[in-house]
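Numbering (our numbering), first residue to last: 62 to 110.
In structure tokens form, the structure reads like this:
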């Protein structure tokens, strides 16, 4: 196999990807995203900046 280091990086990549997808989903379903412009919405959601 690839060893324990590869498994660790796969877990880290999975967690980061899952976190990104979750925050992106909540950003897209937030009603403020449609009421304000793109830049204003990014300012309201600092985790994307």
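From the three backbone atoms N, C-alpha and C, an ideal C-beta is built for every residue, glycine too.
Rounded straight-line distance, which links the Cα of residue 80 to that of residue 67
Position 6 of the chain shown, counted from the start, is the residue given in the question as residue 67. Position 19 of the chain shown, counted from the start, is the residue given in the question as residue 80. Near 20 Å, if we compare the C-alpha coordinates of residue 80 and residue 67.
When the distance is taken between beta carbons, is residue 94 closer than 7 Å to residue 102?
Indexing the chain shown from 1 puts residue 102 at position 41. Indexing the chain shown from 1 puts residue 94 at position 33. Their beta carbons are under 7 Å apart, which means residue 102 touches residue 94 by this criterion.
With DSSP collapsed to three states, give me the class of residue 79.
Position 18 of the chain shown, counted from the first residue, corresponds to residue 79. In this structure, residue 79 counts as helix in the three-state DSSP scheme.
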